[in-house]
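Protein sequence lines correspond, in order, to chains W and G. Anchor point for the first sequence: position 95 equals 95 in my numbering, and the numbering is continuous, going up by one each time. Anchor point for the second sequence: position 234 equals 1234 in my numbering, and the numbering is continuous, going up by one each time. Note that the Cβ used here is the ideal one computed from N, Cα and C, for glycine as well. Contents: one structure, followed by commentary.
There are 2 protein chains.
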Amino acid sequence: MATLNDVAKLANVSKMTVSRVINHPEKVTDDLKQLVYQAMREIDYHPNVAAKALVNNSTRIIKFCVLEDIDTTEPYYMNLMIGIARALDAQQYSLQLVTRRNFDIGNCDGYVVTGMRKDDFEWVGKLKKPLVIFGENRFGFDYVDTNNKAGTFMISNLALKRGYKRLIFIGMDSRESFEYSREAGYLQLLQENQMLPEIHRFDNHSHLSQKFVVDNWDKFEPDTCFICASDRLALGAERAIESCGGLIPKDYGVTGFDGVFLNQVAFPQITTVKQAIVEMGMACGDRLLDKIMNHVDSAGSLMFEPQISMGGTIRDAAK
Amino acid sequence: MATLNDVAKLANVSKMTVSRVINHPEKVTDDLKQLVYQAMREIDYHPNVAAKALVNNSTRIIKFCVLEDIDTTEPYYMNLMIGIARALDAQQYSLQLVTRRNFDIGNCDGYVVTGMRKDDFEWVGKLKKPLVIFGENRFGFDYVDTNNKAGTFMISNLALKRGYKRLIFIGMDSRESFEYSREAGYLQLLQENQMLPEIHRFDNHSHLSQKFVVDNWDKFEPDTCFICASDRLALGAERAIESCGGLIPKDYGVTGFDGVFLNQVAFPQITTVKQAIVEMGMACGDRLLDKIMNHVDSAGSLMFEPQISMGGTIRDAAK
DNA sequence: ATTTTGGATGTTACCGATAACATTATTTTG
DNA sequence: CAAAATAATGTTATCGGTAACATCCAAAAT
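What follows is the structure, encoded as structure tokens:
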């Protein structure tokens, strides 16, 4: 591998000049810069990351920590990682996947943490290095997330516009911030339209929502739409309605939230709130690098506006 | 952070002795070793990875490349990564997630590649660094994988023992090695029992297997079991049978292959071939590090014996 | 007793980059 | 036009380790 020195010799300048061309180009004359660029291209120079890390007393490693049990996880996190990795790669940082278990092994320059529950915040607050959290929180940590409230508001609104008369919210039985926000979007829409909210909560498993809908089937007249806080819950509702002989989307609607993977096993596809996960991952990476490189304490949070992914579980137009 | 030097001073020896205690302990007397260990503990010494990397002309980075389109991917890879990362962490290596797109950015010491199709092998063959592939192949590359053939053999055998008379294989329409192996396991069992094999192939989407079963429902008498090459295909078959009024597992059986995630949205849970994915990831990592550290060209391949995960889509005992 | 040998430890140079300082060339200023 | 300020480039020391070589000293061989 070509080194700074090789470039310097070829361009007939000192190492320092080459280093400056890279890090402080404004301090080098254009003539020399051209020479150096030329030489770099000629021998395909790539800086040695380890040497850089050594002088800067950094590691160029970012730890990505998923606190949630990964077995129960959707490919969500994979896409998120792709996004983070993409942002980091561009700056020659590398991403290290850790769990609670091996969190402390080895050093790093910063963290992206996700899957946090309320109990985790105390622990995370003790981290000394720059940090970005994926997933909204109300503890003052910088985060990146989808605008959860806007998502359920939008999709509830869509259901209403398409003529469903009764909107039932099937939420996740967890006291986490994102769940509150999703419920809040639903509640706001119902309030604005002076409708009566109905919220039911279950653990995030399709068979629980399925059982609920089946068990209460006689109470659900046509023109009911189930606004679900996750695609899993939506999938359960969809299956329940079909097994009870309800017609989707003609008489019954179902909406989900996530829009990543489950849709590939649902039929008809669920109309859902789709999140730009790769982009959010990139945002996590960019924000974190920004904090690291500019020694900023807090960079603020970022909400991505969600989009609705049209499936076949909401009718095309009002009857 | 404490350095070698700090330890040396505290133990009243030279840097070199400390370094030797770490890398060539047999060359240091026990007395000194004790002193050094004591000092290391006292100031909580952790070697600086960047400095190590610099002298060894290494990066301590392993690239993990998923060639398959990740959007269509199950959480499979997430678990695999956890395993790889676990193995690498123990040796202070870090894992970098790359795609084809950013594959060439930055240096590394070795690769774990997965999701390879036949066309990819030429390209992969050109890689200069140590390599381990996740997923069986017939091109001579070292790999780690589940014993696919044994998996379908075992589960087909189970279906037979539980009294299903007709075993239909629903495979993936791909000419990849793992698919051939899964079919081979099925074929072998049928041959040994002098039964007539029936193989149908579809792209790996649940609605395709679903449609197939629905469309041909009148041809499937009770006591038929569908041996599927993936959980997705199994899920489709399961839904089809239910929608046609078939009874699972009493009259119809369904088996899958993978056993990671889909089971969380299937009801009843699919009886499937379960793979030890985290362990396989660790094996990938360990083998790769072994190749790197011992400068071995080929370390041979490794097959993990699969296990059957009992769900509710195969009956408990023969009728 | 003296030389030889070999094991244990220390010294030095180096990996590839950068910051801080030193030097040189150029421009500005009194 | 000389002195001072400024800009452009080079030199040196350093980050935290390790390999290669140098030194030292006790045991073995002569």
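*Regarding residue 1282 of chain G and the ligand ADP, is the C-beta to nearest heavy atom distance less than 8 Å?*
This structure lacks the ligand ADP; in fact it carries no ligand of any kind.
*Taking the C-alpha atoms as reference points, what is the distance between residue 1198 of chain G and residue 1186 of chain G?*
10 Å
*Candidates G:1220, G:1303 and G:1133, of which the one nearest residue 1149 of chain G by Cα*: G:1303
*What did DSSP end up calling residue 42 of chain W once you bin it into helix, strand or coil?*
helix
*Closer than 9 Å, CB to CB, is residue 49 of chain W near chain G or not?*
yes
_contact_flag[the region 1017 to 1026 of chain G, the region 1052 to 1059 of chain G] where n(CB pairs < 8 Å) is 3 or more_ = no
_Using a Cβ distance threshold of 8 Å, determine whether the region 105 to 113 of chain W contacts the region 277 to 290 of chain W, with at least three qualifying pairs required._
They touch, by the three-pair rule.
*Within 10 angstroms of the Cβ of residue 318 of chain W, are there 16 or more other Cβ atoms? Answer buried if so, exposed if not.*
exposed
*Is it the case that the Cβ atoms of residue 1241 of chain G and residue 1168 of chain G are separated by a distance below 9 Å?*
no
*Is residue 1081 of chain G buried or exposed, if buried means 16 or more other CB atoms sit within 10 Å of its CB?*
In summary, residue 1081 of chain G is buried, with 16 or more beta-carbon neighbours lying within 10 Å of its beta-carbon over all protein chains present.
_Let me make sure I understand the geometry here. Which of G:1231, G:1216 and G:1229 has the alpha-carbon closest to that of residue 1246 of chain G?_
G:1216
_Checking 9 Å against the spacing of the C-beta atoms, do residue 1270 of chain G and residue 1256 of chain G come in under that value?_
yes
*Assign residue 257 of chain W to one of three DSSP states: helix, strand, or coil.*
Three-state DSSP puts residue 257 of chain W in a strand.
_Straight-line Cα distance separating residue 1313 of chain G from residue 1232 of chain G_ = 14 Å
*residue 1160 of chain G: buried (16+ other C-beta within 10 angstroms of its C-beta) or exposed?*
buried
*Within chain W, the residues that residue 1170 of chain G reaches when beta carbons sit closer than 7 Å*: None at all; the shortest Cβ gap to chain W is about 15 Å.
*How should residue 151 of chain W be labelled, buried or exposed, when 16 other C-beta atoms within 10 angstroms of its C-beta is the threshold for buried?*
buried
*Environment of residue 1225 of chain G [buried if 16+ CB atoms lie within 10 Å]*: buried
*Name, going along the chain, the residues of the region 23 to 41 of chain W whose beta-carbon falls closer than 8 Å to a beta-carbon of chain G.*
none
*When DSSP builds the beta bridges, which residues end up paired with residue 1300 of chain G?*
DSSP, once it has assigned bridges, lists no residue as partnering residue 1300 of chain G.
*If residue 1178 of chain G sits next to residue 1203 of chain G, beta carbons under 8 Å apart, how far is it from one beta carbon to the other, in whole angstroms?*
Wrong, their Cβ atoms sit about 15 Å apart, outside the cutoff.
*Which bits of chain G does residue 403 of chain W rub up against, with CB to CB less than 7 Å?*
This structure cannot settle anything about residue 403 of chain W, because the visible part of chain W is limited to 1 through 319.
*Would you kindly work out how many angstroms separate the C-alpha atoms of residue 54 of chain W and residue 92 of chain W, rounded to a whole number?*
14 Å
_Which of the three DSSP states is assigned to residue 1177 of chain G in this structure?_
helix
*In chain G, what lies closer than 7 Å to residue 187 of chain W by C-beta?*
Going along chain G, no residue has its Cβ under 7 Å from residue 187 of chain W, so there is no contact; the nearest lies around 27 Å.
*Below 8 Å on the Cβ atoms is my guess for residue 1334 of chain G versus residue 1066 of chain G; work out the distance and round it to an integer in Å.*
The requested residue 1334 of chain G does not occur in the structure, where chain G is confined to residues 1001 to 1319.
*Return the first residue and the last residue of the alpha helix (DSSP H) that residue 160 of chain W is part of.*
In the DSSP annotation of this structure, the continuous segment of the alpha helix (DSSP H) that includes residue 160 of chain W starts and ends at 148 to 161.
*Using CA coordinates, which residue listed in G:1040, G:1254, G:1117 and G:1248 is at the minimum distance from residue 1170 of chain G?*
Residue G:1254 is the option with its Cα nearest to residue 1170 of chain G.
*Where does residue 1108 of chain G land, buried or exposed, given buried means 16+ other C-beta within 10 angstroms?*
buried
_Proximity to residue 1128 of chain G [Cα-Cα], best of G:1315, G:1292 and G:1310_ = G:1292
*Can you list, in chain order, the residues of its chain whose CB lies under 6 Å from that of residue 182 of chain W, leaving out five sequence neighbours each side?*
148, 152 and 229, listed in sequence order.
_For a test of the three-state rule: what should DSSP assign to residue 171 of chain W, helix, strand or coil?_
strand
*Tell me whether residue 14 of chain W is buried or exposed, calling it buried when 16 or more other Cβ atoms sit within 10 Å of its Cβ.*
exposed
_Using the Cβ count rule (16 or more neighbours within 10 Å means buried), how would you classify residue 1001 of chain G?_
Residue 1001 of chain G comes out exposed.
*By the criterion of Cβ-Cβ separation under 9 Å, what are the contact partners of residue 1085 of chain G in chain W?*
96, 97, 98, 99 and 102
*Could you have a look at residue 1187 of chain G and say whether DSSP puts it in helix, strand or coil?*
helix
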